[in-house]
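K.L.:
In our numbering, the protein residues as written are 10 to 245.
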Ligand code: CA
């Protein structure tokens, strides 16, 4: 099969931002009287903000947060995050994206993040790589990861672009997912897509492999170095 599009998660894959996210989640929930330890934030990585807030709220208060409260909590967390030092590009990420594009594969972003400055930031850090119509963010999805919805929507967006160009639709085996989080791997696998885990955080490899990851690398640089091998393996 020919690989057509590669769907990249953002935090912990394109940006080295998970430490900041974990710290901000902990401080935000403490401010609203709830407890979410930093280590636990890595377990929920990939969920929508509302999903994480409700999970903690149900556990600690016995009920979900109201829509209004979710808005205030997520705003607080976003404000804190924006005050953090800007997370840098993950080493090897831009080189990989350029390789992906040069090999004729379309790079896409599929993220649970709802930062308003997201597109501008992606374009500044990865110039010439991404297209707005081929991005899935928190604004697009209802359930978020680990539900396959974000990746199903990513494939749908790609097919819409194909259809507008008068081209035939493509099956899930023409896509890959690149993820660093267990819930993200779970979502990619559930969407029926070949899923590559990149273990850039504190979790053991098995946390990703046990969710069904098809391949695992330990950094974006390593995936970048092995990109030709990945493409060849998918062809056979
Ligand atoms: Ca991630």
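Even glycine gets a Cβ: it sits at the ideal position worked out from N, Cα and C.
Taking 7 Å as the cut-off, is the beta-carbon of residue 54 closer than that to any non-hydrogen atom of ligand 1?
P.N.:
Translated into positions along the chain shown, residue 54 becomes position 45. It does: the Cβ of residue 54 is within 7 Å (strictly closer) of some heavy atom of ligand 1.
K.L.:
Can you tell me where the beta strand (DSSP E) holding residue 206 begins and where it ends?
P.N.:
As a first step, residue 206 is located in the chain shown; it is residue number 197 there, counting from the start. Its beta strand (DSSP E) spans residues 203–207.
K.L.:
Is the CB-CB distance between residue 147 and residue 57 below 8 Å?
P.N.:
Against the chain shown, residue 147 aligns to sequence position 138. Against the chain shown, residue 57 aligns to sequence position 48. Cβ atoms of residue 147 and residue 57: closer than 8 Å.
K.L.:
Counting along the chain, where does the alpha helix (DSSP H) carrying residue 90 start and finish?
P.N.:
Here residue 90 refers to the residue found at position 81 when the chain shown is read from its first residue. 76–92 is the extent of the alpha helix (DSSP H) around residue 90.
K.L.:
Residues in its own chain within less than 6 Å of residue 163 by CB, not counting five upstream and five downstream?
P.N.:
Numbered from its first residue, the chain shown carries residue 163 at position 154. So the qualifying residues of the chain are 16, 117, 119, 145.
K.L.:
Would residue 49 and residue 32 qualify as a contact pair, given that the criterion is a beta-carbon distance under 8 Å?
P.N.:
Reading the chain shown from its first residue, position 40 is the one you call residue 49. Reading the chain shown from its first residue, position 23 is the one you call residue 32. Cβ atoms of residue 49 and residue 32: not closer than 8 Å.
K.L.:
Among residues of its own chain, excluding the 5 on either side of residue 214, which ones have a beta-carbon nearer than 7 Å to its beta-carbon?
P.N.:
Working through the chain shown from its first residue, we reach residue 214 at position 205. Here the set comprises 208, 225.
K.L.:
Answer with buried or exposed for residue 30, where buried requires no fewer than 16 other C-beta atoms within 10 angstroms of its C-beta.
P.N.:
Numbered from its first residue, the chain shown carries residue 30 at position 21. Looking at its Cβ environment, which holds 16 or more other Cβ atoms inside 10 Å, residue 30 is buried.
K.L.:
Please report the residue range of the beta strand (DSSP E) in which residue 14 lies.
P.N.:
Position 5 of the chain shown, counted from the first residue, corresponds to residue 14. Taken as a continuous stretch (DSSP letters only), the beta strand (DSSP E) holding residue 14 covers 14–17.
K.L.:
I believe residue 114 touches residue 23 by the beta-carbon criterion, under 8 Å. Please report the beta-carbon distance rounded to the nearest angstrom.
P.N.:
Here residue 114 is taken as the residue at index 105 of the chain shown, counted from 1. Here residue 23 is taken as the residue at index 14 of the chain shown, counted from 1. Residue 114 to residue 23, Cβ: 16 Å. No contact.
K.L.:
Could you check whether the Cβ of residue 22 sits closer than 7 Å to any heavy atom belonging to ligand 1?
P.N.:
In the chain shown, the residue the question calls residue 22 occupies position 13. At least one heavy atom of ligand 1 is nearer than 7 Å to the Cβ of residue 22, so yes.
K.L.:
Pairing CB atoms from the region 228–239 with CB atoms from the region 95–112, are three or more of them under 8 Å?
P.N.:
The region 228–239 vs the region 95–112: in contact.
K.L.:
Is the number of C-beta pairs between the region 166–175 and the region 195–208 that are closer than 8 Å three or more?
P.N.:
No, because fewer than three Cβ pairs between the region 166–175 and the region 195–208 fall closer than 8 Å, the two stretches do not touch.
K.L.:
State yes or no: is the C-beta of residue 210 within less than 8 Å of the C-beta of residue 27?
P.N.:
Counting from one through the chain shown, the residue named residue 210 turns up at place 201. Counting from one through the chain shown, the residue named residue 27 turns up at place 18. Yes; because the gap between Cβ atoms is below 8 Å, this pair is in contact.
K.L.:
Quick check on the burial criterion: 16 or more other C-beta atoms within 10 angstroms. Buried or exposed for residue 153?
P.N.:
Looking up residue 153 in the chain shown gives position 144. By the 10 Å Cβ count, residue 153 comes out buried.
K.L.:
Report the three-state DSSP secondary structure of residue 238 (helix, strand or coil).
P.N.:
Here residue 238 refers to the residue found at position 229 when the chain shown is read from its first residue. Correct three-state label for residue 238: helix.
K.L.:
Which of helix, strand or coil does DSSP assign to residue 70?
P.N.:
Stepping through the chain shown from its first residue, residue 70 is reached at position 61. Helix, per DSSP.
K.L.:
Could you give the first and the last residue of the continuous alpha helix (DSSP H) run that contains residue 159?
P.N.:
Taking the chain shown and counting its residues from 1, the one referred to as residue 159 is at position 150. It spans 158–173 - the alpha helix (DSSP H) in which residue 159 sits, taken as one unbroken run.
K.L.:
Check the C-beta distance from residue 2 over to residue 122 and give it rounded, since I have them as a contact under 8 Å.
P.N.:
Residue numbering for the chain in the displayed model covers 10 to 245; residue 2 lies beyond these limits and cannot be assessed.
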